[in-house]
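Enquirer:
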Amino acid sequence: MKEFFAAQSTVLLSHDPCDATPLQLVDADHVQSDKPADFANPEAQEHAWMELLREGLTFDLEGIAPGPASEFPEIEHRFDLEQAPNGFRFDAMRIAVGQHLSGGERSLPIMRGMVGLARDLTHHFDDVEAVVWSPSKSAIGRQYFESVSTAWIEGGSFPALGLTAFRETIDGALQTVGLDYWIGQELRIEPPLADGKVTATRLGVRLVNQLILVGGLNESERIVAPDGSRLIMRPSKNSKFVRVWRE
Numbered sequence: 005m006k007e008f009f010a011a012q013s014t015v016l017l018s019h020d021p022c023d024a025t026p027l028q029l030v031d032a033d034h035v036q037s038d039k040p041a042d043f044a045n046p047e048a049q050e051h052a053w054m055e056l057l058r059e060g061l062t063f064d065l066e067g068i069a070p071g072p073a074s075e076f077p078e079i080e081h082r083f084d085l086e087q088a089p090n091g092f093r094f095d096a097m098r099i100a101v102g103q104h105l106s107g108g109e110r111s112l113p114i115m116r117g118m119v120g121l122a123r124d125l126t127h128h129f130d131d132v133e134a135v136v137w138s139p140s141k142s143a144i145g146r147q148y149f150e151s152v153s154t155a156w157i158e159g160g161s162f163p164a165l166g167l168t169a170f171r172e173t174i175d176g177a178l179q180t181v182g183l184d185y186w187i188g189q190e191l192r193i194e195p196p197l198a199d200g201k202v203t204a205t206r207l208g209v210r211l212v213n214q215l216i217l218v219g220g221l222n223e224s225e226r227i228v229a230p231d232g233s234r235l236i237m238r239p240s241k242n243s244k245f246v247r248v249w250r251e
């Protein structure tokens with residue numbers, strides 16, 4: 005990791021578990037020991053983590069040695085990967101929002117910072133196979149992730165194929181997975197508009213980007229599709245979905 009921090013201008017190490025001084029052990033009676041944590045001790049290894057500072061925001065990197073790997077995430081969707089990674093072949097590390105940012109985890113500036121940190125780590129370490137975004141249960145290949153995350157961080161489109169995913173519902177609609185993490189709503193493209201899945205997915209990507217920018221939908225809107233047709237976007241009665249169909 006020392007090479008990583010030396011190569012970064014925006015990421016600093018604010019807590020190192022292997023430091024001799026910063027961590028103290030606390031016994032069962034909540035009495036602090038005078039001895040620093042010994043990372044040869046299995047109990048101390050369970051709590052090994054790094055705190056990273058990126059552009060004023062702190063993030064915890066968990067699952068690092070000498071501690072155990074993080075729990076392997078559930079994966080249902082994959083992007084730019086021939087097969088989904090699994091816990092038999094790979095270990096998982098987890099990036100979490102720092103404690104002092106608690107409550108603001110879903111704000112766009114903090115999420116951009118987290119995605120940016122994941123991009124920096126992926127770019128530096130060649131043995132990173134994929135980045136997993138748990139809200140959409142998506143595994144994203146390293147090169148594709150670097151490309152779309154960099155574009156978003158630099159002001160481009162939101163990485164809808166990755167930080168959200170799409171699935172076909174039982175009644176033939178095309179529905180997002182994980183968009184509710186960002187705006188509290190899922191996008192649902194209704195049939196027959198959803199019948200052509202490739203075209204509907206392209207439309208969905210455009211609409212996801214628009215919804216991310218405005219933060220969701222509270223009332224009906226009329227929009228024009230890329231093919232020139234007129235569409236209606238309307239929140240569902242329970243406001244959990246943004247429904248789209250032809251006018």
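In the numbering used here, the protein residues as written are 5 to 251. Glycine included, each C-beta is placed from N, C-alpha and C at the ideal position.
1. How would you call PHE162, buried or exposed, if buried means at least 16 neighbouring beta carbons within 10 angstroms?
2. Starting from the C-beta of ALA122, find all residues in its chain whose C-beta is less than 8 Å away, skip the five residues before and the five after it, and write them out in chain order.
3. How long is the line joining the alpha carbons of ALA88 and GLU59, rounded to whole angstroms?
4. At which residue ranges does the stretch 118-149 contain complete alpha helix (DSSP H) runs of 4 or more residues, listed in the order of the chain?
5. The beta strand (DSSP E) with GLN179 in it runs from where to where?
6. Pull up the CB-CB distance for GLN189 and LEU221, whole angstroms please, since I reckon it's below 8 Å.
7. Using the C-alpha atoms, what's the distance from THR205 back to PHE170?
8. Relative to the C-alpha of TRP186, which candidate in PHE94, GLN214, ILE236 and ARG250 has its C-alpha closest?
9. Determine the direct distance from the alpha carbon of GLU109 to that of ASP195, and round the result to whole angstroms.
10. Within the continuous beta strand (DSSP E) that includes ILE193, where are the two ends?
11. Spatial neighbours of TRP137 within its chain, please: C-beta separation below 6 Å, excluding the five flanking residues on both sides.
12. Grab me the residues of VAL3's own chain with a C-beta within less than 7 Å of its C-beta, minus the 5 sequence neighbours each way, in chain order.
13. Applying the 10 Å Cβ sphere with the 16-neighbour rule, what's the burial state of MET237?
14. Residues in its own chain within less than 6 Å of ASP84 by CB, not counting five upstream and five downstream?
15. So, with DSSP's three-state summary, where would you put LEU221?
16. Expressed to the nearest angstrom, what Euclidean distance is found between the alpha-carbon atoms of PHE245 and GLU223?
17. Alpha carbon to alpha carbon, how far is GLY232 from SER106? Give it in angstroms, no decimals.
18. Could you say which of HIS81, ARG82, ASP64 and ALA73 lies nearest to ILE114 if we only look at CA atoms?
19. Beta strand (DSSP E) containing ALA164: first to last residue?
20. For a test of the three-state rule: what should DSSP assign to THR25, helix, strand or coil?
21. Tell me, to the nearest whole angstrom, how far the beta carbon of ILE157 is from that of VAL119; I am working on the premise that it is less than 8 Å.
22. Are the CB atoms of ARG234 and LEU197 nearer to each other than 7 Å?
Expert: On the basis of the coordinates in this document:
1. buried
2. ILE99, VAL135, PHE149 and SER153
3. 32 Å
4. none
5. 178-181
6. 7 Å
7. 7 Å
8. GLN214
9. Residue 195 is actually Pro in this sequence, not Asp. The straight-line gap from Cα to Cα measures roughly 34 Å.
10. 190-193
11. LEU167
12. Not covered by the structure: residue 3. The range shown for the chain is 5 to 251.
13. buried
14. GLY145 and TYR148
15. coil
16. 12 Å
17. 44 Å
18. ASP64
19. Premise fails: ALA164 lies in the alpha helix (DSSP H), 164-167, not in any beta strand (DSSP E).
20. With a pLDDT of only 46 at THR25, under 50, the local geometry of the prediction cannot be trusted, and the value read off the model is given with reservation. In this structure, THR25 counts as coil in the three-state DSSP scheme.
21. 7 Å
22. no
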